[in-house]
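Sequential numbering from 280 applies to the sequence shown in the numbering used here. Here the structure is laid out as structure tokens; the discussion comes afterwards.
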Amino acid sequence: MKNIILIGFMGVGKGSVAREVSKHSQYITIDTDDLIESMENKKIKNIFSESGEEYFRKLEKNIAKWLEKSVKNTLISTGGGFYKQENLKKIGIIVLLDSPFDAIIARIKKHPNAAKKLKKRPLLSDLEKAKVLYNERRPEYLQLADIVIDVTEKSAEDCSKELLKKVKKYAYKS
Ligand code: S3P
280 MKNIILIGFM GVGKGSVARE VSKHSQYITI DTDDLIESME NKKIKNIFSE
330 SGEEYFRKLE KNIAKWLEKS VKNTLISTGG GFYKQENLKK IGIIVLLDSP
380 FDAIIARIKK HPNAAKKLKK RPLLSDLEKA KVLYNERRPE YLQLADIVID
430 VTEKSAEDCS KELLKKVKKY AYKS
């Protein structure tokens, strides 16, 4: 089994889909933001406010190097900006969770913990700026992805089943 790397914009549901995939397969899941938080013993929003985004991106780079060298057979969910790591293709099969910006924001707002979900993401604090970021990133996400899953209005469980089916087909072809 190759690693699967889940990429996609903040709030698209990478964590929820990853949890469903591990329920329905043998994949164990790890999350790059969780690794960073435990290494630093700090929440992402505090890393941003105390040390700045550039420092956070350096931590992501260290994680990317470690993933390439040391992690196998794993489902890796990533922060929305992790896709910029230049060794991404060497880590595993890249799966993009895709959805329009407005649908992503609507999904977050519908959640019972919406305020917390928005607060923990510094780059979502200004929705106008977040939309600009989304528009910049989306073509780059699409270009990198080996597999694309449109998650709009689908449950995490359905997305996970679609993901496993597409990964199997992809692995068979390559
Ligand atoms: C970021 C996304 C966040 C987190 C950090 C930066 C980004 O992760 O890594 O706040 O640059 O898009 P999620 O995509 O899980 O929200």
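Cβ atoms here follow ideal geometry from the backbone N, Cα and C, with glycine treated the same way.
- Between the stretch 346 to 355 and the stretch 316 to 335, the count of C-beta pairs closer than 8 Å stays below three; the two stretches do not touch.
- Under the three-state reduction of DSSP, residue 330 is assigned to helix.
- Not one heavy atom of the ligand S3P lies closer than 6 Å to the C-beta of residue 371.
- Taken in chain order, the complete alpha helix (DSSP H) segments of 4 residues or longer contained in the stretch 294 to 340 are 311 to 319 and 323 to 330.
- A contact between stretches requires three or more CB pairs, one per stretch, nearer than 8 Å, and the stretch 378 to 396 fails this requirement with the stretch 301 to 318.
- Looking at the DSSP output, residue 353 sits in a beta bridge with 307.
- The DSSP-derived three-state label of residue 429 is strand.
- Its Cα nearest to that of residue 375, the residue 287 stands out among 309, 287, 401 and 282.
- In the DSSP assignment, the residues bridged to residue 373 are 284.
- Spanning the alpha carbons of residue 330 and residue 419 requires a straight line of approximately 27 Å.
- In the three-state reduction of the DSSP assignment, residue 439 falls in the helix class.
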